[in-house]
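Have a look at the structure below, then the notes.
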Amino acid sequence: MFGEEGLNIRLQKLEMTENKRYVEFPSEKILKSQQDDRDYKLITLENELDVLLISDKDTDIASASLSVNVGYFNDPEDLPGLAHFCEHLLFMGTEKYPVENEYSEYLSNHGGNSNAYTSTELTNYYFYVDSNHLEGALDRFSQFFISPLFDDSCTERELNAINSENDKNIQVDEWRQEQLKKLLYREGHPIKKFGTGNLETLKTIPESKGINTREELLKFYNKYYSSNIMKLVIYGKETVDELCEMAVRMFSSIKNIHTVPTKFPNDTMNKEDLNKVLLYKPVKDLRNIDLIFPFKDDVSHYLTKPGHYLSHLIGHESEGSIFYHLKEKGWAQALYAGNMRECRDIAFFCITVELTEQGYEHYKDVITIIFQYFEMLKQQGSQKWIFDECKTLDDISFQFKEKSKPVRTASLLSKEMLFYPKEHIIAGMSLYFKYDKELIEEFTNNLNPDNFVLMVSSKQGNSDIKFEEKEWKKEKYYGSEYSINDIDSEFLKKLKNLELNPNLHIPKVNPFVPKDFNVEKIEKEENRNPGLLINDANLRIWFKRDDIFFVPKLNLFFEIRSPLASSSPLNYMYTAMYLQLVKEDLNKDSYHAEIADTKFSIKLSNEGNININVQGYSDVIGNLLDIIVDYFLDSKLNKEEFENIKDKFIRTLKNFSIENPYKQALYYALCMSNESVFSVDEKIEALQQITFENLKNFIPLLLSQIYIEGLIHGNCDNETAKKLGRIFINRIKPLPYPESLIKSSLRALTLKKGFSGIYRKEALNPANVNSSIQYSLQIGDVNDQDLRVKSYILRQLISEPCFDKLRTKEQLGYIVFSGLFTRSRNIELYIIVQSEYAPDYLEFKVEEFLNEFKDTIKNIDDEKFEKNKESVITKLLEKPKNLAIQSTTFIKSIEAKNYDFERDKRDSEYIKKITKEEIYDFFNKYIDVASSERRKLSIHIISKGKDDEKVKQRENEINDIMNKNEFIGDIYNFRRNQDFGPSPVSYKPIEEYLIN
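Residue numbers (my numbering): 30 to 1025.
Printed below as a string of structure tokens:
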């Protein structure tokens, strides 16, 4: 009954009585972190459903997740995508709650949301909700697995939804590559299946064979959705006993038909399937190779994790590693390695290398170096000290692991419960338990020339790979062009007789392993927010000592402004190139810190600000910051590396035109609304003018006049924070920086009242059938509390009806969402749709929805309106779950330059006074299609569109809407002729924030 966990004998000895319809696993045996103050209770209901109950008395968000041990590997051969279709249709009403959007509306009304995913061997369902409304959400959730309707009226619509979901993936290289790899696996294995499904696989072909998809779906559900192969996690503020009562009451009725989980054969490739090279012509301009080794599943050997051990070494980036050596030769720009699990007992060890142009010419030499590293590992044998270092790092990470969002915790654990013994359902995925030299070496020996296939992704061949000589085919689901050939036998022979490479060796002892975990538990400070520790001409540092989480960690954030960085597209790209060169140079030293959980990022914002984030253990974070500053000021510029980065930048920017249309719409909206954001075309043109010599001359000028604003938050005192805060300024010694320059770069475009405009951009990828629209309405100044709060309420009210109308009922496309942007001081309400329909039709449908929604607001009942207000309050007052989330909240206010750290608290009180009549008036003024005061801007990304009879029937109405709009030809001419709003202002005089 309980398989590998060996608990069946014990459980059989326990009686289930009328008063106790479950058996309990001893909670003290569940291994958890010393930092974890939550209570756990693990029970098995009488229907054999395992339930993990998590009581977190401090949580304001509750969650639940249920995993079923069935996925697309279980799809019938003639119905690819059926498991995924089942996941979709399960949301469409139950006998107890027959209205199809009742579940999503309940969650939305109470600050929640839901989702699900289907993988190879499992389907995972999850939701989150205000912690006061867990019981109602759980009751609705449980009914999916007790009495789903699978209503025939929803079948057609959800088939279209799956087709739209598949359409959004068709031009995405990662999806195409994953499907292509399946061509290499042996015939008849479920790993070859097409998991997403589409209209052809779930409707057209089945109908032609006389198969009724809905009937087959019911058979599938009734065969596999059995309580004995389900795992449930419930996370709430109630005690574990109270959560237990809910679980027993609501989930004991799930049927147990004693389904036996499917065990899939682990022979994914026969001998004749190996040593093949698959050539792929990608959508984007890529130059990648993938080495793929059939492997064993790490989860089955989780006590030792031999795959993780190998990933640690092969994916390392310090001196002596594969990547370091390839980068020194100018052949690689990135390397990723890992044991990729498909399902129980099935995995592939994959190594992906992003090649430079020269690296692509030398791709066989790259592969040779990889196999030389394998040979070195085999000759040295497994190293206990490396295992012990990995174990130490993971032990530290686990012991000081902070809480994540409840929905993430619930979803992850309900999945892990399928694979780990009860005592290790929390720790099993995270920790090394036992060194096993023979097992590690057995795994290492699988990395041999007889046991791999190669995938090459490039738009063109090279001197060795002659594209014109290959036989090209098209993959049937994605239309990808590919060619499969044998790997050259002479090359394979060479790989079997390699000499060691003296440049390759295992990494040195990690200098960033923290040793001091001391945390002084101070009393909660009266001021919960950062104070101003330093306020100089060139430097402003905010500081907040942690008084909530008490972990030995520190988060540092620095925003560096230089007037040069955003003064022109050319200077912007010089800055971007410089930062990338710094990161590349830093990598050999910083990688040790990264795997020791002390990480950094250096990014150039769209507005030209240099943002540096450093997060990690307070014991070693200062050492990493010193190294970052060293490289920042004295990066060893290399001309070959400069050319490689320049090439990568150009290809990345050109690849933007291949991105999904909705992402392009978001970007062009940003360009139109911010006066210091440059377009992709401007950046490409600038890159082509950049020279190595000019970059060297540019760097001192960039740093000669800068302003730094930052945050130091976590486990340190004032004096330590001051030292960390001054480290950049003390080394750079810049000229004074006028405050006016800081504020002027943060202004956003303000449309004139009554303006209604459309910016159209042709999609440059002719193979992408999708268009998109971003429909935005400017509301006003975010500093106006009344406008701000009413915008929050409207966003809450509109979200679920917008999705239900445009995606579920209208079936416009898979991607439909709405929300609020704050651009400098402007608030914008937006609706985004990606669809096969033309943007003009989408514009018409959005306005049709807004007209209907006006009546929804007018007629909303008092109870529902108050619930939605409560939902907004819940979201505003949601407690940060860990130090990083709290830091991010502080950083948002610092970046916005309003320093209004208590805004959400004040707004929550203000919301309580708002009436539905006020929201109706607000809608009529700022949103209503007929309003003379509203300010509307749409971005249309246009593909070839979809001819449809219903579009033709509404042609006159669509034209009427189009005629009311001004069409914008050039973004920058338009922008130059618009007003820009005021610069941000501090909520209170800056001096009042100073720490005494």
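Backbone N, C-alpha and C fix where the C-beta goes; we use that ideal spot for every residue, glycine too. Predicted model only: the values in this text are computed from it and were never measured.
Can you tell me whether residue i is helix, strand or coil according to DSSP?
i, result
"R760", "helix"
"N988", "helix"
"L43", "Low per-residue confidence applies at L43: pLDDT is 41, beneath 50, and the placement is therefore not dependable, though the value from the model is reported in the following sentence. L43: coil per DSSP, three-state reduction."
"M259", "strand"
"G1010", "coil"
"T230", "helix"
"K874", "helix"
"E803", "According to the sequence displayed, residue 803 carries Gln and not Glu. Q803 falls in the strand class under three-state DSSP."
"T918", "helix"
"F654", "For clarity, residue 654 is Leu in the given sequence; the question names Phe instead. The answer is helix: DSSP assigns L654 an H, G or I state."
"H139", "coil"
"Y939", "helix"
"A925", "helix"
"C379", "strand"
"C419", "helix"
"R789", "strand"
"H218", "coil"
"K582", "strand"
"G35", "Reliability of the predicted coordinates at G35 is poor, the pLDDT of 35 falling under 50, and the value obtained from them is presented with this limitation in mind. G35: coil per DSSP, three-state reduction."
"Y254", "coil"
"E106", "coil"
"H391", "coil"
When you compare the CB positions of residue i and residue j, do they come within less than 8 Å of one another, or not?
i, j, result
"L568", "I756", "no"
"I343", "F481", "no"
"E131", "R169", "yes"
"N532", "H354", "yes"
"Y449", "T333", "no"
"S664", "N794", "no"
"D368", "S256", "The question names Asp, but residue 368 in the sequence shown is Asn. The answer is no: Cβ separation not under 8 Å."
"I713", "K819", "no"
"F579", "K537", "no"
"L853", "Y928", "According to the sequence displayed, residue 853 carries Ser and not Leu. No, they are not a contact pair."
"V709", "L682", "yes"
"E431", "Q64", "yes"
"N888", "Q825", "no"
"K1033", "P1011", "With the chain running from 30 to 1025 in the structure shown, residue 1033 is simply not present."
"V262", "L60", "no"
Could you check how far apart the C-beta atoms of residue i and residue j are, in whole angstroms? I think they sit under 8 Å.
i, j, result
"T225", "E194", "7 Å"
"A792", "S800", "7 Å"
"K90", "P435", "Looking at the sequence provided, one finds Ile at residue 90 rather than Lys. Contact flag correct, Cβ pair sits at about 5 Å."
"I415", "I535", "7 Å"
"K305", "D515", "6 Å"
"T473", "L406", "5 Å"
"D575", "H742", "7 Å"
"Y866", "L841", "6 Å"
Using a C-beta cutoff of 8 Å, does residue i count as contacting chain C?
i, result
"I343", "Although the question refers to chain C, the structure presented lacks it and comprises just one protein chain."
Between which two residues does the alpha helix (DSSP H) containing residue i stretch?
i, result
"F280", "V269 to F280"
"I12", "Limits of the chain in this structure are 30 at one end and 1025 at the other, which puts residue 12 out of reach."
"Q49", "In the sequence as displayed, the identity of residue 49 is Lys instead of Gln. Note, K49: premise wrong, no alpha helix (DSSP H); not H, not E."
"E714", "V709 to L716"
Assuming residue i is part of the beta strand (DSSP E), what are its boundary residues?
i, result
"R1004", "First-last for R1004: I1000 to R1005, but that is the alpha helix (DSSP H), not the beta strand (DSSP E)."
"W571", "L568 to R574"
"L615", "Taken as a continuous stretch (DSSP letters only), L615 belongs to no beta strand (DSSP E), being part of the alpha helix (DSSP H) at P598 to I624."
"P335", "Careful: P335 lies outside any beta strand (DSSP E), inside the alpha helix (DSSP H) at P335 to I343."
"M484", "V482 to S487"
"T681", "Element bounds for T681: not the beta strand (DSSP E) but the alpha helix (DSSP H), K668 to N684."
ask   = Taking one C-beta from the region 97-106 and one from the region 850-858 each time, how about it: are there three or more such pairs within less than 8 Å?
value = no
ask   = Between the region 239-257 and the region 419-436, do at least 3 Cβ pairs fall closer than 8 Å?
value = no
request  = State whether the region 665-672 contacts the region 593-602, with contact taken as three or more CB pairs (one from each stretch) at a distance under 8 Å.
outcome  = no
inquiry  = Assess contact between the region 170-178 and the region 279-299, defined as three or more Cβ pairs (one per stretch) separated by less than 8 Å. Is contact present?
reply    = yes
query = Can we say the region 781-788 touches the region 576-585, given the rule of at least three CB pairs closer than 8 Å?
reply = no
inquiry  = Would you call the region 691-698 in contact with the region 204-215, where contact means no fewer than 3 C-beta pairs closer than 8 Å?
reply    = No, because fewer than three Cβ pairs between the region 691-698 and the region 204-215 fall closer than 8 Å, the two stretches do not touch.
query = Is the region 538-557 touching the region 639-653, taking contact as three or more C-beta pairs under 8 Å?
reply = yes
request  = Pair every Cβ in the region 557-574 with every Cβ in the region 375-386, then say whether three or more of these pairs are closer than 8 Å.
outcome  = Taking one beta carbon from each stretch, the region 557-574 and the region 375-386 have fewer than 3 pairs nearer than 8 Å; the two do not touch.
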